[in-house]
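Undergrad: Residue numbering for the sequence shown follows our numbering, starting at 1442 and increasing by one per position.
Even for Gly, the Cβ is constructed at its ideal location relative to N, Cα and C.
Only a predicted model underlies this, so the values are computations on that prediction, with no experimental measurement involved.
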Amino acid sequence: MPPVFRFAPSPNGLLHLGHAFSALLNFDLARAAGGQMLLRIEDIDATRCRPAFETAIRGDLGWLGVCWDGEVRRQSEHFELYRQAVTRLSEMGLLYPAFESRSEILRLVVERERSGPWPRDPDGAPLYPGDAKALSAAERARLIGSGAPYALRLDMQAAVARAGDLSFIEHGAGPDGETGSVPARPQAWGDVVLARKDTPTSYHLAVVLDDALQGVTEVVRGRDLFFATSVHRLLQQLLGLPRPSYRHHRLIVDAAGRKLSKSNRATSLAELRGSGVTPQAIRRQLGLPPSA
C-alpha cells in the first residue's frame, strides 16, 4: 500500500512559515514516495476556529503549490466518533471526571509547591494536582447532576498498566536526537484531559482517531510534538488503532529563537504573498528544494 501523509492545521489564525514548512515537507515526501497527501482541518475549538481562516488556509496552500487527495476532513463533523471512543475508555475504567477550574488547579499547584517543586509535563505545564480520582461514584454523579463543569481525565497509572511497555518509530529526530525505535513514556504527562463536558474530545484523542480513520501511515510534524507521541501511542494501544511511523521535523524560529506561532504574531503567508514574495522564495528560505 502507498504511504499516506497529512497536513492538519487549525483554522484559528493565518498560516505562517512554520506551517508552510510542514505542509511542503509532507507534500514533497508524499509525492516522492508515490503516496497520498491528505488535508485535515482540526477545528474542535469552536470558540477560536473560523470558516474564514479555513478559506485562507486553502488559499495559502494553493499558492504554495500544495494540493491534497480526497475530501477534506473536519474534526467538528465527527464529534460522535470521539464520543464513542470516550465511552470505550470509560467502560475500561480508565477515565474519571475532575471538577476543578483552571484557576483552582493553579491554586492547588501553589499549595503543593510549598513543600517543593511540583512536577511538570514536557511542555512545562504542572501535572494535575487534584484528588478527583478519589471521589466516590455517588459524589461524581451528584456533581455532574448539578451541572458542574468537568474534564474527563485519563487515569495514567491504570492506562499504562493495561497497555504495557510501548514504543514508536521515529524517522526524524527528537529534541535530544532520539531516532529509530523510541520508548514511549506517557507517564510524563500525568492524567491528561481527553474530553470536557462541553467538548467531546481533546487534541490527543482526536488526532489518533483521525489518523487511524484516514489511514495515515506517516505522521510528519514539528519537533514540539515529539513528546506528545508517547500519549498518542498509549491511546492507539488502548483503542486497538494502527501505529503510524513518525517524523518530527525542525522548527522554524524567529530572530529571538522562538518557535513561530500565531500567538506571537508571526508574519503570515498572506502578508508575505502580498509583499511580492514567491512560493519558490519561500522554499529557498525554508531550505527546501525547488518544486518540479
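Given 7 Å as the limit, tell me if residue 1663 has its C-beta closer than that to any heavy atom belonging to the ligand NAD.
TA: Summarising the ligand content, the structure contains no ligands, and the ligand NAD is consequently not present.
Undergrad: Provide the residue(s) that pair with residue 1610 in DSSP beta bridges, ordered along the chain.
TA: 1622
Undergrad: Please name the residue or residues paired with residue 1640 in a DSSP beta bridge.
TA: 1637
Undergrad: Under 6 Å Cβ to Cβ from residue 1451, same chain only, skipping five residues before and after it: list those, please.
TA: 1483
Undergrad: Residue 1603 to residue 1497, Cα distance in whole Å?
TA: Approximately 43 Å between the Cα atoms of the pair.
Undergrad: Closer than 7 Å by C-beta to residue 1607: which residues in its own chain qualify, once you throw out the five before and the five after it? Chain order, please.
TA: 1625, 1674, 1675 and 1678
Undergrad: Just to confirm the assignment: which complete alpha helix (DSSP H) runs, minimum length 4, are found wholly within the segment 1504–1560?
TA: 1520–1532 and 1543–1553
Undergrad: Taking the C-alpha atoms as reference points, what is the distance between residue 1638 and residue 1538?
TA: 9 Å
Undergrad: Going by Cα to Cα distance, which pick from 1562, 1618 and 1633 is closest to residue 1592?
TA: 1633
Undergrad: Measure the CB-CB distance between residue 1571 and residue 1552 and report whether it falls below 8 Å.
TA: No. Outside cutoff.
Undergrad: Please name the residue in 1479, 1500, 1555 and 1636 whose C-alpha comes closest to that of residue 1485.
TA: 1636
Undergrad: Residue 1481 to residue 1556, Cα distance in whole Å?
TA: 45 Å
Undergrad: Quick check on residue 1468 - is its C-beta less than 8 Å from some C-beta in chain D?
TA: You won't find chain D in this structure, because it holds only one protein chain.
Undergrad: Measuring only the C-alpha atoms, how far is residue 1529 from residue 1535?
TA: 9 Å
Undergrad: Which of the three DSSP states is assigned to residue 1567 in this structure?
TA: strand
Undergrad: Between the beta-carbon of residue 1720 and the beta-carbon of residue 1459, is there less than 8 Å?
TA: no
Undergrad: In chain order, what residues of the same chain have a beta carbon less than 6 Å from the beta carbon of residue 1516, not counting five sequence neighbours either side?
TA: 1483, 1484, 1485 and 1647
Undergrad: Hey, residue 1502 and residue 1727 are a contact pair by Cβ (cut 8 Å); roughly how many whole angstroms apart?
TA: Wrong, their Cβ atoms sit about 15 Å apart, outside the cutoff.
Undergrad: Taking buried to mean at least 16 other C-beta atoms within 10 Å of its own C-beta, is residue 1579 buried or exposed?
TA: Label assigned to residue 1579: exposed.
Undergrad: With residue 1504 and residue 1714 assumed to form a contact (beta carbons below 8 Å), what rounded beta-carbon distance in angstroms separates them?
TA: 6 Å
Undergrad: Tell me whether residue 1598 is buried or exposed, calling it buried when 16 or more other Cβ atoms sit within 10 Å of its Cβ.
TA: Residue 1598 comes out exposed.
Undergrad: Please state if the CB of residue 1692 and the CB of residue 1700 are separated by a distance shorter than 8 Å.
TA: By the CB criterion at 8 Å, residue 1700 and residue 1692 fall inside the cutoff.
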